[in-house]
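Step one of this worksheet: look at the structure below.
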Ligand code: FES
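In our numbering, the protein residues as written are 783 to 1186.
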């Protein structure tokens, strides 16, 4: 059954961030910088209920991500329910924990598609960026994915530190027999925002990467489809973020908070409801948080009278907040925004940045706790301090992040 109410279509994509625990410590992780807040992960039954509610409303695609979703030992149970309900199930993983037994069980349970992330084509950079020794393990998992006859979907987040290896990254993907490669240039949210100076590529790097990508496309055609996503900062028009707020995507965080995108919890003065106390249907259709940026009545100038407003819906609400301090403003990526100079300055600074100017921050539980403490003490800069939920409290050092 597909429920729809006048003017609002049901969600198509349900992203279940089943845990924020993760064996990797990636410097560009999109999980909230305050993920080590006090929280409890949803139980198995609560996740099964989320899946049922989503499907009842009409959602067709289920993304299982984290953190590392394989750290949930009930993942097979969740997948089985998803299959029973008829979802197309996409597992988004670092591969750590995907043993042969596990992949076999997950295949039987009903995973349709596995997206495996790599950090680089070299062991050194892969292991540095994730702060783990996982390069060989990921290669092993890539072979298992092939063995179990999944299409090989490799994802590599590009940035200043690995973008010059693009030829090697694509050659590696080719030798692994990848059918799809997503070269997603870093979007500067969450941990990537903290590390923006270290990760922002230069224009020359990007142009070279695009040129190399095109050479591979010309040679391999459909044998290996390559998606190259440009970083927002090099555009003059913003993206239609999430295809519109509360339009297609719904994210359920590890603790059951329901969001229109995976980082919206940082937006100030918005109460995002939790699946433990409110139904998904009511949150999607009736909550003030999901209705806040639907349509265009919330828009201010220059978006309000812009002839292109239907095309990009004013861009990303989270980026408007991170860079301009107000989620109701135009996304500063747009060159009509009065804040576009902030984006231009970051791009300009990328040309001259020296790595020793600022240490890179790895995504770890202890860093997340430290950052929460510093934010509450008022010692972060203004842009960094916008990355946190209102009144967030760090979990104590001893408790495991997301204890159930
Ligand atoms: Fe939240 Fe764009 S990431 S609206």
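Even glycine gets a Cβ: it sits at the ideal position worked out from N, Cα and C. Quantities reported herein were computed from a predicted structural model and do not represent experimental measurements.
- Task: Pull up the distance between the alpha-carbon of residue 1125 and that of residue 975, whole angstroms please.
- Result: Taking the straight line from one Cα to the other gives about 13 Å.
- Query: Helix, strand or coil: which one does DSSP assign to residue 1045?
  - Reply: Coil, per DSSP.
- Proximity test, residue 974 beta-carbon vs the ligand FES heavy atom, cut-off 7 Å: Between the ligand FES and the CB of residue 974, the shortest heavy atom gap is not smaller than 7 Å.
- Message: Quick check: what's the CA-CA separation for residue 814 versus residue 1033?
- Response: One C-alpha to the other measures close to 13 Å.
- Query: Going by DSSP, which residues form a beta bridge with residue 875?
  - Reply: DSSP, once it has assigned bridges, lists 898 as partnering residue 875.
- Message: When you measure from the CB of residue 1099 to every non-hydrogen atom of the ligand FES, does any distance come out below 7 Å?
- Response: It does: the Cβ of residue 1099 is within 7 Å (strictly closer) of some heavy atom of the ligand FES.
- Task: State the Cα-Cα distance for the pair residue 1155 and residue 1176, rounded to the nearest angstrom.
- Result: Roughly 7 Å separates the two Cα atoms.
- Item | Same chain, Cβ closer than 6 Å to residue 1021, five either side skipped, listed in chain order | So no residue of the chain qualifies.
- So who's on the other strand from residue 1008, going by DSSP bridges? Note: residue 1008 sits in a beta bridge opposite 963.
- Message: Can you tell me whether residue 998 is helix, strand or coil according to DSSP?
- Response: In this structure, residue 998 counts as helix in the three-state DSSP scheme.
- Item | Inter-stretch contact (C-beta, 8 Å, three-pair minimum) for the region 1141-1157 and the region 785-799 | Taking one beta carbon from each stretch, the region 1141-1157 and the region 785-799 have fewer than 3 pairs nearer than 8 Å; the two do not touch.
- Query: Under 8 Å, do residue 870 and residue 844 count as touching if we go by C-beta distance?
  - Reply: Yes.
- Should residue 1044 go down as buried or exposed, given a rule of 16 or more other Cβ atoms within 10 Å for buried? Residue 1044 counts as buried, since at least 16 other C-beta atoms from the protein chains shown sit within 10 angstroms of its C-beta.
- Can you give the Cα-Cα distance for residue 947 and residue 998, rounded to whole angstroms? Computed Cα separation, rounded: 14 Å.
- What separation, rounded to the nearest whole angstrom, lies between the Cα atoms of residue 863 and residue 890? Rounded to whole angstroms, the separation of the alpha carbons of residue 890 and residue 863 is 12 Å.
- Use the C-beta contact count for residue 1120: other C-beta atoms within 10 angstroms, 16 or more gives buried, fewer gives exposed. So residue 1120 counts as exposed.
- DSSP state of residue 808 mapped onto helix, strand, coil: Reduced to three states, the DSSP call for residue 808 is coil.
- Query: Taking one C-beta from the region 993-1008 and one from the region 941-956 each time, how about it: are there three or more such pairs within less than 8 Å?
  - Reply: Verdict: yes, contact present.
- Task: Spatial neighbours of residue 856 within its chain, please: CB distance less than 8 Å, with the 5 preceding and 5 following residues excluded, ordered by chain position.
- Result: Counting only Cβ-Cβ distances below 8 Å, and skipping sequence neighbours, we find 826, 829.
- What distance in whole Å lies between the Cβ atoms of residue 879 and residue 906, which are believed to be in contact at a cut-off of 8 Å? Residue 906 to residue 879, Cβ: 23 Å. No contact.
- Item | Rounded straight-line distance, which links the Cα of residue 897 to that of residue 991 | Going by the C-alpha atoms only, they are around 22 Å apart.
- Between the C-alpha atoms of residue 877 and residue 1047, what's the straight-line distance to the nearest angstrom? Between the alpha carbons of residue 877 and residue 1047 lies a gap of roughly 27 Å.
- Whole angstroms is fine: what's the gap from residue 1139's alpha carbon to residue 1153's? In a straight line, the C-alpha of residue 1139 is about 19 Å away from that of residue 1153.
- Cβ distance (whole Å) where residue 966 is taken to contact residue 940 below 8 Å: The beta-carbon distance between residue 966 and residue 940, rounded to whole angstroms, is 7 Å. This is short enough to meet the 8 Å contact definition.
- Query: Just checking, does the region 1075-1090 make contact with the region 1047-1057 on the three C-beta pairs under 8 Å criterion?
  - Reply: The region 1075-1090 makes no contact with the region 1047-1057, as fewer than three CB pairs between them are under 8 Å.
- Message: Just to confirm before moving on: does the CB-CB distance between residue 1028 and residue 1072 stay below 8 Å?
- Response: Cβ distance < 8 Å, so residue 1028 and residue 1072 count as in contact.
- Item | Whole runs of the beta strand (DSSP E) within the region 1024-1077, excluding any shorter than 3 residues | DSSP runs (the beta strand (DSSP E)) wholly in the region 1024-1077: 1031-1034.
- Query: What do you reckon, are the CB atoms on residue 853 and residue 873 nearer than 8 Å?
  - Reply: Against a cut-off of 8 Å, the Cβ pair of residue 873 and residue 853 comes out as no contact.
- Message: On the DSSP bridge list, what partners appear for residue 819?
- Response: Secondary-structure assignment with DSSP links residue 819 through a beta bridge to 1176.
- For residue 867 and residue 900, believed in contact at Cβ under 8 Å, the rounded distance: Going by Cβ atoms, the distance from residue 900 to residue 867 rounds to 31 Å, so no, they are not a contact pair.
- Task: Output the distance between the C-alpha atoms of residue 817 and residue 1007, rounded to the nearest integer angstrom.
- Result: For residue 817 and residue 1007, the distance between alpha carbons rounds to 34 Å.
- Message: Are the CB atoms of residue 1109 and residue 1049 within a distance shorter than 8 Å?
- Response: Yes, the Cβ-Cβ distance between residue 1049 and residue 1109 is below 8 Å.
- Query: If you count every other CB in all the chains shown that lies within 10 Å of the CB of residue 1015, and 16 or more means buried, which is it?
  - Reply: When all chains shown are included, residue 1015 counts as buried.
- Message: I want to check one thing, is the minimum distance from the CB of residue 817 to the heavy atoms of the ligand FES below 7 Å?
- Response: Checking every heavy atom of the ligand FES against the Cβ of residue 817, none is found closer than 7 Å.
- Item | Per-residue burial, residue 799 [other beta carbons within 10 Å of its own, 16 or more giving buried] | Residue 799 is buried by the Cβ-count criterion.
- By Cβ distance below 8 Å, which residues in the same chain neighbour residue 1061 in space, the five residues on each side in sequence not counted? Once the five neighbours on either side are set aside, the close Cβ partners of residue 1061 are 835.
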